[in-house]
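The opening position of the sequence shown corresponds to residue 1 in UniProt numbering, with each subsequent residue numbered one higher.
Worksheet: the structure to be examined is printed underneath.
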Amino acid sequence: MNRPTPPSRTHQPPPPPPPRRYQPPPRRYQPPPPPTPRYQPPPRQQPPPPAAPPLHVTAEERGAPIIATKPKRPRPPSGRTNLASCVVATIFLIFIIIVILIVYFTVFKPQDPKIAVSAVQLPSFSVVNGTVNFTFSQYASVRNPNRAAFSHYDSSLQLLYSGTQVGFMFIPAGEIDAGRTKYMAATFSVQSFPLAAPPVAMTGMPTVMNGGGVGFNYGMRVQPTMEIESKLEMAGRVRVLHFFSHRVQATAGCRVAIAVTDGSVLGFHC
1 MNRPTPPSRT
11 HQPPPPPPPR
21 RYQPPPRRYQ
31 PPPPPTPRYQ
41 PPPRQQPPPP
51 AAPPLHVTAE
61 ERGAPIIATK
71 PKRPRPPSGR
81 TNLASCVVAT
91 IFLIFIIIVI
101 LIVYFTVFKP
111 QDPKIAVSAV
121 QLPSFSVVNG
131 TVNFTFSQYA
141 SVRNPNRAAF
151 SHYDSSLQLL
161 YSGTQVGFMF
171 IPAGEIDAGR
181 TKYMAATFSV
191 QSFPLAAPPV
201 AMTGMPTVMN
211 GGGVGFNYGM
221 RVQPTMEIES
231 KLEMAGRVRV
241 LHFFSHRVQA
251 TAGCRVAIAV
261 TDGSVLGFHC
């Protein structure tokens, strides 16, 4: 009996797996790409500055023969130039000297002080047996016209009778400011001295002050009188511009008429 033939068994591949769906990967943040740089031309290169010529090029470097030269001496100024300079300097010095002299003689020239006697008095007066004894007083003003202080140190007041000194007084040293006036009073006793001659009778003797003024004693007076002379001397120095010192001096002489009977001053003339 025939048996059915079993089917032949052959090797078959396994069936393919079922297709899978595509799943894209998760997206991540990505920065934008950098901008593309623009084209920039390269900077132009400046040509190098020309080299400075050497300060000193020797003859050997130039290839020239060496020649010994003497250093040049500066030309001395000509005679005309020296003469012109001397003339200009001389004219300038003369101009400066003239200006100094003008200023000196107009502004700073030392001047002698001015003395003015204002009054003369005899506080006491007596006559005994032809001998006179009295006290003499004189008032004066001294003006300094200079632009610097006047320092007086050698000053005195003398009293003369018939050419003979009968009284003397030193005036203390002092100083008078520029342009100022100082008033002085001198009083001293006169020693007894004999009258030189019998008193002279004078009629109508006016009181004259400083050579022109008539005083209060003017009138017809007939009485014996005597005449004395006073001499006031002021001497000192004036320092100009604090450097130059000059000696100045002034003198004031007055003739005084005195009544012998009572010693009153009839008048004086300076």
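Note that the Cβ used here is the ideal one computed from N, Cα and C, for glycine as well.
Everything numeric in this text was worked out from a predicted model, so none of it was measured.
Cβ-based burial, residue i [other Cβ within 10 Å; buried from 16]
i	result
Q45	exposed
Q191	exposed
G130	exposed
V238	buried
F268	buried
I228	buried
V208	Model confidence at V208 stands at a pLDDT of 44, short of 50, so the residue's coordinates are unreliable and nothing is read from them.
P48	exposed
P41	exposed
C86	exposed
Q30	exposed
I258	buried
I171	buried
When the options are compared against residue i, the one with the closest alpha-carbon
i	options	result
Q249	H152, A84, I228, R38	H152
P113	E175, Q165, A257	E175
Q121	T187, N82, I96	T187
D262	F193, E229, A84, V132	V132
T225	H246, F125, S85, M184	F125
G179	S141, F244, V88	S141
L160	P194, D177, A149	P194
S162	Y104, S230, I96, M169	S230
V260	G236, L157, C270, V127	V127
R242	P110, F168, P50, K182	Correcting the residue identity first, residue 242 is His in this sequence and not Arg. Of P110, F168, P50, K182, the residue nearest in Cα terms is P110.
F136	S118, G167, D177	G167
P145	F108, A173, F95, A185	F108
N- and C-terminal bounds of the beta strand (DSSP E) containing residue i
i	result
V120	114-121
Y183	181-194
Residue i - DSSP class collapsed to helix/strand/coil
i	result
T81	helix
G215	Only weak support exists for where G215 lies, its pLDDT of 44 falling under 50; the value from the coordinates is given anyway. Here G215 sits in coil by DSSP.
F95	helix
C270	coil
T225	strand
T90	helix
T36	coil
P199	Since pLDDT at P199 reaches only 49, below the 50 mark, its modelled position is unreliable, and the value read off the structure follows with that caveat. Reduced to three states, the DSSP call for P199 is coil.
Contact with chain D by residue i, beta-carbon distance below 8 Å
i	result
Q138	Checking the listed chains, one finds no chain D in this structure; it contains a single protein chain.
**Asked** Where are the beta strand (DSSP E) runs, 3 residues long or more, that stay fully inside the stretch 228-265, in chain order?
**Response** The qualifying runs are 244-259.
**Item:** Runs of beta strand (DSSP E) lying entirely within the stretch 126-189, each at least 3 residues, in chain order
**Value:** Counting whole runs of 3 or more residues, the stretch 126-189 contains the beta strand (DSSP E) stretches 131-143, 150-152, 155-161, 164-171, 174-176.
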